[in-house]
Structure formats: structure tokens, C-alpha cells
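Participant: The following block contains the structure, expressed as C-alpha cells.
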Amino acid sequence: MPRSFLAAVLAMLIGSILSGSSWAEAPTPGKQVAASSTVKVQADGQVREATLRYWIALPAEYGADPAVPWPLVLFLHGAGERGDDLEVVKKHGPPKLVAAGQAFPFVLVSPQCPAGSRWDADELAALVEQLASTLKIDRRRIYVTGLSMGGAGTWALLAKYADRFAAAVPICGRGDVAAVEKMAKVPIRVFVGAKDRAETVKNCEEMVAALQKAGAKATLKVYPDLAHDCWTETYNNAELYEWLLAQKKN
1 MPRSFLAAVL
11 AMLIGSILSG
21 SSWAEAPTPG
31 KQVAASSTVK
41 VQADGQVREA
51 TLRYWIALPA
61 EYGADPAVPW
71 PLVLFLHGAG
81 ERGDDLEVVK
91 KHGPPKLVAA
101 GQAFPFVLVS
111 PQCPAGSRWD
121 ADELAALVEQ
131 LASTLKIDRR
141 RIYVTGLSMG
151 GAGTWALLAK
161 YADRFAAAVP
171 ICGRGDVAAV
181 EKMAKVPIRV
191 FVGAKDRAET
201 VKNCEEMVAA
211 LQKAGAKATL
221 KVYPDLAHDC
231 WTETYNNAEL
241 YEWLLAQKKN
């Protein structure tokens with residue numbers, strides 16, 4: 001069967017099963033496309049709807065073997081990429097690398113946070129659940145990572161939904177030390193630049209120390225010569241993705 005025909009069929013199938021989602025173009029394996037999804041958010045005894053806009057990139061081999069599920073990586077950008085221009089989400093991190101031609105062996109989902117807002121853990125969890133329920137996703141291998149405000153969003157997501165994730169990589173973002181017990185079963189790698197704000201460095205150190213005390217597999221890397229932007233070096237390192245994909249939930 002010609003590969004182009006298979007890709008077209010997969011695009012139609014994916015588009016048809018993602019109810020509540022819309023696409024700037026049909027999702028095609030090997031491409032990063034814009035999308036939006038309306039999700040039902042259940043939190044604090046209430047149910048509401050939320051619409052999230054995001055980039056989604058499927059591996060080139062996605063769907064080649066219908067029996068093979070794929071890992072999913074949720075990427076959370078920083079405060080500077082908030083708003084309604086989805087293009088700016090590709091300014092940093094994995095979506096930038098994909099836009100430049102990098103191919104990853106996982107489904108990459110990169111949502112955009114509205115202007116003036118912070119990441120909403122309940123909405124993000126609902127989005128991941130919707131995609132995991134409709135795409136061919138390996139639920140043992142769902143990961144979250146983010147930079148700056150997205151690093152804080154990563155911590156917030158773990159504080160409420162740690163059981164959904166196989167591993168996490170918060171980068172130069174601050175978390176709640178009081179919440180570490182809730183995420184102690186998740187392998188976590190934390191990155192920060194030594195020349196970042198002192199309170200950010202201190203919080204990263206405190207988070208990892210508290211996690212390790214709670215028995216978590218948590219590590220901290222402090223880049224001695226970097227300031228706030230330590231994400232470029234982190235995301236450009238292939239070893240990060242090798243480690244991430246090696247983590248699986250039991």
C-alpha cells in the first residue's frame with residue numbers, strides 16, 4: 001500500500017475519532033499541526049468546559065502498526081508565549097525543534113496558555129485524557145515537561161495528577177514544597193541555571209531535597225554558567241529524551 005495513501009487514511013481516521021477537536025489541517029504522521037479541543041473539566045465537585053489550542057506532532061511511523069501505542073509528551077511553554085498567536089509556542093523547546101525538522105518517537109502536544117493566565121492543571125489533565133482516549137497512546141508512558149511558567153505548571157500538574165504521568169521534567173520553574181508527597185512516585189529531573197533568580201534556584205533545590213526525603217527518584221542539575229534560559233541546552237540534549245522514554249508506569 002503506498003505510504004501517501006496510508007497517511008491520508010490515517011489523517012481521516014484521526015480526525016474523525018477526535019470529537020470535540022478541530023484542526024487547521026488534517027493531522028498527518030510526521031507533521032506538527034495546529035489544533036483545538038473542547039474538554040470537559042471535572043474539578044472541585046463541578047463540571048465545566050474549556051477550549052485549549054495546541055500544536056500536535058505525530059511520529060512519522062504513527063499508525064503504521066495499529067497495534068503499537070505511542071508515548072505522549074506534554075510541553076508547557078513559559079509566560080512569554082501566552083496569548084492567541086499559536087506560532088509563538090514554537091519559540092522554545094520541543095515544538096521549536098520539531099518545526100526545525102527534529103523527529104521524535106513520541107506524540108508531542110504543546111498547548112497555549114491564554115494571555116494573563118497561568119496553567120490550569122485541571123484543563124491540562126482533561127486534554128491529556130481526551131487525547132489518550134482517542135489516539136493510540138501508551139498510558140504507561142505519558143510525560144510532562146515545561147520551562148519557567150511551564151515548569152511551575154509541571155509542578156502544579158503533578159500536585160493534582162501525579163498518577164497520570166510516568167516522569168516529569170520541570171525546568172527553572174517553582175513548585176510547592178508542601179505537595180511533594182503527592183508526586184513522590186514520579187521520576188523527576190529538575191534543571192535550573194545558577195545565575196537565575198536566587199529564589200528560583202533555592203526553590204528548585206528545596207523541591208528536589210524534599211522529594212528525595214520522600215523517597216522519590218528526583219535529581220537536580222544546576223548549570224553553573226546559565227541564567228534563566230537553561231531550557232535551550234536541556235531540550236537540545238538527546239539524553240534527556242532517552243531518559244524520559246525509558247520511564248514507564250507499573
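Okay, so the sequence shown: first residue is 1 according to the working numbering, each after it adds one.
Think of the CB as a built atom: it goes at the ideal place given N, C-alpha and C, for glycine as much as any other residue.
(1) Helix, strand or coil for residue 28? Go by DSSP, reduced to three states.
(2) Please name the residue or residues paired with residue 55 in a DSSP beta bridge.
(3) DSSP three-state label for residue 238, please.
(4) Among residues of its own chain, excluding the 5 on either side of residue 17, which ones have a beta-carbon nearer than 6 Å to its beta-carbon?
(5) Can you tell me the Cα-Cα spacing of residue 2 and residue 209, whole angstroms?
(6) Per DSSP, residue 62 forms a beta bridge with which residues?
(7) In terms of residues, what are the limits of the beta strand (DSSP E) holding residue 155?
(8) Are residue 175 and residue 223 close, meaning C-beta to C-beta below 7 Å?
(9) According to DSSP, is residue 46 part of a helix, a strand, or is it coil?
(10) Identify the residues that DSSP records as bridge partners of residue 189: which are they?
(11) Who does residue 243 pair with in a DSSP beta bridge?
(12) What is the DSSP secondary structure of residue 139, reduced to helix, strand or coil?
(13) For residue 150, is the classification buried or exposed, using 16 other Cβ atoms within 10 angstroms of its Cβ as the cut-off for buried?
Facilitator: Result, derived from the coordinates:
(1) coil
(2) 34 and 110
(3) helix
(4) Low per-residue confidence applies at residue 17: pLDDT is 42, beneath 50, and the placement is therefore not dependable enough to give any value.
(5) Its pLDDT being 48, under 50, residue 2 is placed unreliably by the model, and the measurement read from it follows with that caveat. Using only the alpha carbons, I get a separation of about 53 Å.
(6) None, per the DSSP bridge assignment.
(7) Where residue 155 is concerned, there is no enclosing beta strand (DSSP E), although the alpha helix (DSSP H) it sits in stretches over 149-161.
(8) no
(9) strand
(10) 219
(11) Residue 243 is bridged by DSSP to nothing; it lacks a bridge partner.
(12) DSSP places residue 139 in strand when its eight states are reduced to three.
(13) Counting the other CB atoms within 10 Å of its CB gives residue 150 a total of 16 or more, which places it among the buried residues.
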